[in-house]
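Here the structure comes first, spelled out in structure tokens, and everything after it is commentary.
Chains as they are written, first to last, in the numbering used here: chain A, 3 to 698; chain B, 5 to 282; chain C, 62 to 216.
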């Protein structure tokens, strides 16, 4: 039976994308456009002593730190990543300069001929130099002195993950009059805008960023395009001709940002009945050579460390370490997949220790409405996690299968993960940092136009945001115009990140549309600039990690069934069942798209996708070596939503983009554990690792 | 680099007589290996002879209980052919992706001589031969002898493979490809075991293993030790067989797997093959 | 050299190196940008085109290999009646998200349904197995192909 999506509307970009008419960055044709190719460091750490350039033919340029107009820094949350390495090299592949010219082949030849003399230093590849440390606790500490409690400790590791957006990173820059104009594959137009203004020292109105069609992002285009933008804008100021830089897949995988590898240690004090009385969690993240957004990734990993559970006492701490490797940065989930994997596996292991079947053990710790969060904030909104669990069990026939597969040599397993995801920026970031403002205006013909800076890189938000405005105003769809972001036309409604688009910007769009409706006078030009106003109860202190970490939470349950081949140690994911509370589901078809894609990417993270680092270099650099699931690896997937409208989201909606990723890895690993009757401590749990476990 | 686009075999052989060329059929290996960057021409270090316009090299026929496959024959044609035995089809249908099976030739797979090639495993098991032609000569060589090392073949610069000859047999067999995923995957280990029985005795016994050495591993000497045994005797010698093959294989660690895994899985597959014999 | 082939039902002649990738001929010489480059090594299927009705990876195809053959790209397919059915089914089932793999997916679907108008789920998954999609988890695409195979009129 094929699904029927009763609450869905036609996606606005369907026609252009299916027909091949949509123009992605590399599809944009422009006369006289030059190519840019990056000169990269060949060492992981050291000093540049000398750069010896080949003779550059007429019309070919070398752009490097010496060409920096104002500031040699790429504006990212913590701005320590230089636009071009000047003297210090901190990772292999770091950009030292660009060769720019008409013929890409000549540019590549010239790059090969650049000779750089280094003074090499000993690189650090292990997590030992902490750049950011965070530490907080909750509950009654006195339990730590109870002599009757047993201590139990486990350690978990997660690997790199590559986004594999189908369209590689690419950017086109040109001058429109004296205005720097950028078209690129991106997530956050205003991040690029700000990065360019900062490195050039230009005022905001001298830079314009326009979003063309974007072929996937998953976090990978949140920060890296800012670096490309700062580099290409520097070149453009000097050369004054259009320049395009589009990465081949190999360059993209080799040198752009990935998910942070992690190591999490969890220690519990457990009473005689098997109940955890106190928990100590430490999360280590490998930030790579520059901090960038790693502080925030660490925060979010720590906030999520107790997942959907409450314990009498918890102490949570973590470090982000600087290493001489490619910087790690945003990827769907932003820290929480690492720590939620660890706590889910830990609880599954403690359950086994005390002989509890399935999810029975962890169910005793579930948070409920009104409980405090890990940071002493409050879960104010109604929590329906137990309903999600009941539904997921029913859909998957969990109890029967759990019992059956627990028999010896079943080589089949079923695993169930619980998870939550905080939507929007951390704490009061939405009100204090982002300060989104949305313009909506109406012309004399009552045609309404509104603007956001949200990029639709596949999630369907162009369709849903438009629908929110159309439905609020109650006017025909073709009376509302909503185009892709252009920084000349829109005020910033913030980045397309943090599962904030529908809950925050959607809410803002609904409010703006309602205000326009309230003052609506037919035939008159009207405009409203709607600022974001967060719930006034949100108080957050990032330094102490105390307070309400998020404006709202979305919840989920994944059930994953696997079969295991004891001859080849291969896992096949047979089927998945997912139930989510994303508030109110505005467009079911779009949400199922997020759910299916999210869980498959999460499963890949858990059992399939291997990205190893050796001597500061990734070993898997191509799509035939970095393996993502194909249609034959993907299981049959079932998804349900339970309605639980959120007061502050548009039409009661919360975030869904990242949530759907988080539960895949723990669920598949718990299922594999049942199939092999051994414990997993590391992802990806690929056949090589499973063999190691089984043959030890 | 010069491109040659012969339309007849005769013309092709004449070109090869005069020029040292890459011979490119479907291009699915050579176009990757010589790719530099999007929008640029491939960077071939030698001249290239394209076979796609040569007439008469795309055929599948059976002569004297042997399958004759023309050098330009694509995988898809073999998968859909009524002449090609199931054993070969089962191997071919797991190679690369559907589009690559539409483009690529088995001849190309042989000549690429990759240790991870799937196509050469059944050819070696079935004692397949190749016809090589040059302007003045024509010879036959077994696939096993043709593959002489890592990415190395016995082809002389003036020769080209024009036909693959595969003896048709009715062995019972077990084929397993172990890759990183269910489709579109470069193998980590491949296993093909085949046998025949008569009067409860093993009348033929063959094993070929891929990805565990510089070329598919097969030893007729080892196989001959077990031919003539009863099925039970063979099964009782499982440890000895395992030991034999453990010494024959020498897998290496690469970016797709490690040598411990490849060895273990190859042996597990061998054991399950022996168990399956009946 | 001058190479002639039939592109989207019209004869074209391009004057290029015979080793040039068909993908580069389509995108850079003929300015047909509906065919995408995702990996450049035949691992993703974003560059799928039809050559004599069979899906090919245009990134691995030297243009000489399509001499005198029939090539169809999304720009040609989208003019067909079958495309309309397939595109409607993709829309109905949510088969296109970021859209970068979509032209390739539609090409492969078109070829499958021409050859096998009523494929099973396994046959569909096999036919799509060279085309990577990182957004949908494939379920919606498989559903779309099923729906299209029933002419868009499923039960």
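Glycine included, each C-beta is placed from N, C-alpha and C at the ideal position.
Nothing here was measured: the structure is a model prediction, and the numbers come from that model.
Specify, as a first and last residue, the run of the beta strand (DSSP E) that residue 141/C falls within. Residue numbering aside, residue 141/C sits at position 80 when the third chain is read from its first letter. It is not in any beta strand (DSSP E) - residue 141/C carries neither H nor E in the DSSP assignment.
With a CB to CB cut of under 8 Å and the five nearest residues on each side skipped, what residues in its chain are close to residue 25/A? The sequence position of residue 25/A within the first chain is 23, counting from 1. Here residue 25/A has 214, 215 as same chain residues with Cβ atoms under 8 Å from its own Cβ, once five neighbours each way along the sequence are excluded.
Assuming residue 155/B contacts residue 118/B (C-beta within less than 8 Å), just tell me the rounded distance between them. Along the second chain, read from residue 1 onward, the residue named residue 155/B stands at position 151. Along the second chain, read from residue 1 onward, the residue named residue 118/B stands at position 114. With 8 Å as the limit, residue 155/B and residue 118/B qualify as a contact, their Cβ atoms being about 7 Å apart.
How do the region 147-166 of chain C and the region 607-615 of chain A stand: do at least 3 beta-carbon pairs fall below 8 Å, yes or no? Contact between the region 147-166 of chain C and the region 607-615 of chain A is absent, because fewer than three Cβ pairs lie under 8 Å.
Please report the distance separating the alpha-carbon of residue 76/B from that of residue 170/B. Taking the second chain and counting its residues from 1, the one referred to as residue 76/B is at position 72. Taking the second chain and counting its residues from 1, the one referred to as residue 170/B is at position 166. The straight-line gap from Cα to Cα measures roughly 16 Å.
Under 7 Å between C-beta atoms, does residue 169/A make it to chain C? To locate residue 169/A, count along the first chain from 1; it is residue 167. Yes, its Cβ sits closer than 7 Å to a Cβ of chain C.
Contacts around residue 448/A, its chain only, beta-carbon distance under 8 Å, and the 5 residues preceding and following it disregarded: Within the first chain, residue 448/A is the residue found at index 446, counting from 1. Only 477, 481, 524, 525 meet the Cβ criterion.
Straight-line CA distance for residue 28/B to residue 509/A? Your numbering for residue 28/B matches position 24 in the second chain. Your numbering for residue 509/A matches position 507 in the first chain. Going by the C-alpha atoms only, they are around 58 Å apart.
From 458/A, 274/A, 220/A, 191/A, residue whose alpha carbon lies closest to that of residue 211/A: Taking the first chain and counting its residues from 1, the one referred to as residue 211/A is at position 209. For the residues 458/A, 274/A, 220/A, 191/A, the minimum Cα distance to residue 211/A belongs to 191/A.
Is any beta-carbon of chain B found at less than 7 Å from that of residue 250/A? Numbered from 1 along the first chain, position 248 holds the residue referred to as residue 250/A. Answer yes: the Cβ-Cβ gap between residue 250/A and chain B drops below 7 Å somewhere.
Please report whether the beta-carbon of residue 222/B lies at a distance below 7 Å from any beta-carbon of chain A. Within the second chain, the letter at position 218 stands for residue 222/B. Using a CB distance cut-off of 7 Å, residue 222/B does not count as an interface residue toward chain A.
contact_flag[the region 13-32 of chain B, the region 103-116 of chain B] where n(CB pairs < 8 Å) is 3 or more: yes
Could you tell me the distance, in whole angstroms, from the CA atom of residue 17/A to the CA atom of residue 147/C? On the first chain, position 15 is the one that residue 17/A refers to. On the third chain, position 86 is the one that residue 147/C refers to. Looking at the two C-alpha atoms, the distance is approximately 12 Å.
Going by beta carbon distance, what residues of the same chain come within less than 8 Å of residue 63/C, once the five residues before and after it are set aside? Sequence index remark: in the third chain, residue 63/C carries index 2 (1-based). If we look at residue 63/C and ignore the five residues flanking it on each side, its Cβ neighbours are 74, 75, 76.
Hey, how far is the Cα of residue 262/B from the Cα of residue 352/A? By one-based count along the second chain, residue 262/B stands at place 258. By one-based count along the first chain, residue 352/A stands at place 350. About 32 Å.
Please determine, among 285/A, 365/A, 330/A, the residue with the shortest C-alpha to C-alpha distance to residue 342/A. To locate residue 342/A, count along the first chain from 1; it is residue 340. Proximity to residue 342/A across 285/A, 365/A, 330/A peaks at 285/A, based on C-alpha coordinates.
Which residues does DSSP list as the beta-bridge partners of residue 637/A? To locate residue 637/A, count along the first chain from 1; it is residue 635. According to DSSP, residue pairing for residue 637/A in a beta bridge does not occur.
Measure the alpha-carbon distance for residue 180/C versus residue 376/A and round it to whole angstroms. For this step, residue 180/C is matched to residue 119 along the third chain. For this step, residue 376/A is matched to residue 374 along the first chain. The straight-line gap from Cα to Cα measures roughly 51 Å.
Taking 8 Å as the cut-off, does the region 318-338 of chain A touch the region 135-155 of chain A (at least 3 CB pairs, one atom from each stretch)? Contact between the region 135-155 of chain A and the region 318-338 of chain A is present, with at least three C-beta pairs closer than 8 Å.
So what's residue 152/A in DSSP terms, helix, strand or just coil? Looking up residue 152/A in the first chain gives position 150. Residue 152/A: strand per DSSP, three-state reduction.
Check residue 195/A in the structure and name its three-state DSSP category. Here residue 195/A is taken as the residue at index 193 of the first chain, counted from 1. Helix, per DSSP.
Identify each residue in the region 178-196 of chain B for which the Cβ-Cβ distance to at least one residue of chain A is less than 9 Å, and report them in chain order. 180, 182, 183, 184, 185, 186, 187, 188, 189, 190, 192, 193
Suppose you measure from the CA of residue 216/C to the CA of residue 205/C; what does that come to, to the nearest Å? For this step, residue 216/C is matched to residue 155 along the third chain. For this step, residue 205/C is matched to residue 144 along the third chain. Unreliable positioning characterises residue 216/C in this predicted model, as indicated by a pLDDT of 44, which lies under 50. A coordinate reading is not provided.
Per DSSP, residue 195/B is paired with what? Looking up residue 195/B in the second chain gives position 191. Paired residues: 180/B, 213/B.
From 57/B, 42/B, 89/B, residue whose alpha carbon lies closest to that of residue 65/C: Here residue 65/C corresponds to residue number 4 of the third chain, with the count starting at 1. Of the candidates 57/B, 42/B, 89/B, the one whose C-alpha sits nearest the C-alpha of residue 65/C is 57/B.
Nearest-angstrom beta carbon gap, residue 641/A and residue 598/A [assumed within contact, 8 Å]: Sequence index remark: in the first chain, residue 598/A carries index 596 (1-based). Sequence index remark: in the first chain, residue 641/A carries index 639 (1-based). At roughly 7 Å, the Cβ-Cβ gap stays under 8 Å, so residue 598/A and residue 641/A are in contact.
Can the beta-carbon of residue 273/B be found less than 7 Å from the beta-carbon of residue 138/B? As a working note, residue 273/B is residue 269 in the second chain. As a working note, residue 138/B is residue 134 in the second chain. Cβ atoms of residue 273/B and residue 138/B: not closer than 7 Å.
Please go through the region 255-332 of chain A and give each complete beta strand (DSSP E) segment of 3 or more residues, from N-terminal end onward. 264-272, 278-290, 315-324
So, is residue 210/B buried or exposed, given that buried needs 16 or more other C-beta atoms within 10 angstroms? Here the question's residue 210/B lines up with position 206 in the second chain. Counting Cβ neighbours within 10 Å, residue 210/B comes out buried, since at least 16 surround it.
Where does residue 206/B fall in DSSP's three states? As a working note, residue 206/B is residue 202 in the second chain. Note: residue 206/B maps to strand in three-state DSSP.
Given that a residue counts as buried once 16 or more other Cβ atoms are within 10 Å of its Cβ, and exposed if not, what is residue 265/A? Counted from its first residue, the first chain places residue 265/A at position 263. With 16 or more Cβ atoms within 10 Å of its Cβ, residue 265/A is classed as buried.
Would you say the region 217-235 of chain A touches the region 178-197 of chain A, given that touching needs at least three Cβ pairs under 8 Å? yes
Where the region 67-79 of chain C meets chain A: residues whose CB sits under 9 Å from a CB there: none
List in chain order: all unbroken alpha helix (DSSP H) runs of 4+ residues lying wholly within the region 446-491 of chain A. Complete alpha helix (DSSP H) runs here, min 4: 463-475.
I'd like to know whether the C-beta of residue 63/B is nearer than 7 Å to at least one C-beta of chain A. Here the question's residue 63/B lines up with position 59 in the second chain. So no, residue 63/B is outside the interface.
Please report the straight-line C-alpha distance between residue 74/A and residue 97/A, rounded to a whole angstrom. By one-based count along the first chain, residue 74/A stands at place 72. By one-based count along the first chain, residue 97/A stands at place 95. If I take the Cα positions, the gap works out to 12 Å.
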